[in-house]
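Accompanying notes for the structure given below.
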Amino acid sequence: SFDGIVRLYGLQSGKVLKEFVGHSSFVNCALFGNDREHIVSGSSDGTVRFWDQRTSECTMTYIPGGVIGITAKDLSVHTLQKMPDNPDHILVVTRSPYVFIISMQGKLMRSISNGDKTDFLCATVSPKGKWIYCVGGDGIMYMFNSSTGQVEKFLKISDGEEVIGVAHHPKSNILCTIADRGQLRLW
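Throughout the sequence shown, residue numbering follows our numbering, covering 490 to 676 in sequence.
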């Protein structure tokens, strides 16, 4: 949302059921925790917030950049995605050369970097959690081994347009990217 509020809507009614207030900038992404009690949100304010779904209270705020000495105001959280091989772990993509894997308890499990080559814009995880595909501002998709954190392959996917989203097919080895001008590509 543009007003920094996370909203939970009823699917049938279309009405707001709850609001979670606390971010100071745009909310870019959100997901439900596996415990069915928490919602996790990421914002342009550089924070990941954990919310109690029943009370709407923020139970924890995680600042990914704090691990690498970057303040929250210098980052923007663009992507949150559960790790399929461990649903208690969340992939966090900030507009920086780092992606983070954190636990639902807010503990850093791993940070992955491309060596400060470019900022990551978005990412996705393979269905079994073995690969993390990160799209950089340089138009390259980096394929990291999630166990080692090492770049295994890379692919030039853009010549100018900014890729703003990437998804992995749930059953096939196919990736989909979307660019800021609406161009959708399958890889």
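Beta carbons are placed, not taken as given, at the ideal position from N, Cα and C, and that holds for glycine. Computed from a prediction, not measured in an experiment: that's the story for all the values here.
Closest by C-alpha distance to residue i, when choosing among the options
i, options, result
"R584", "R525, R538 and I653", "I653"
"H527", "T568, I494, Q594 and S502", "Q594"
"W620", "G499, G535, H657 and S647", "H657"
"V529", "G618, S636, K642 and R496", "R496"
"D669", "P553, S647 and I590", "S647"
"E641", "G649, E651 and M630", "M630"
"A519", "L506, K507, K596 and R538", "R538"
Euclidean distance between Cα positions of residue i and residue j
i, j, result
"F491", "S514", "7 angstroms"
"L664", "V655", "7 angstroms"
"V614", "L580", "8 angstroms"
"M632", "R674", "17 angstroms"
"H567", "V624", "12 angstroms"
"N671", "S565", "Rather than Asn, the amino acid found at residue 671 in this sequence is Gly. Whole-angstrom Cα-Cα distance: 22 angstroms."
"Y622", "A612", "5 angstroms"
6 angstroms CB neighbourhood of residue i in its chain, flanking five on each side removed
i, result
"T487", "This structure cannot settle anything about residue 487, because the visible part of the chain is limited to 490 through 676."
"R577", "Checking the displayed sequence, the identity of residue 577 turns out to be Asp instead of Arg. Around D577: S592 and M593."
Cβ neighbours of residue i in the same chain (closer than 7 angstroms, five flanking residues each side left out)
i, result
"S602", "P586 and Y587"
"F521", "I528"
Same chain, Cβ closer than 8 angstroms to residue i, neighbours up to 5 away in sequence not counted
i, result
"G493", "V510, G511, H512, S513, S514, F515, V516, S532 and D534"
"D524", "M593"
"M572", "H578, I579, L580, I590, V614, G618 and S635"
Residue i - DSSP class collapsed to helix/strand/coil
i, result
"P553", "helix"
"L506", "strand"
"R543", "coil"
"F491", "coil"
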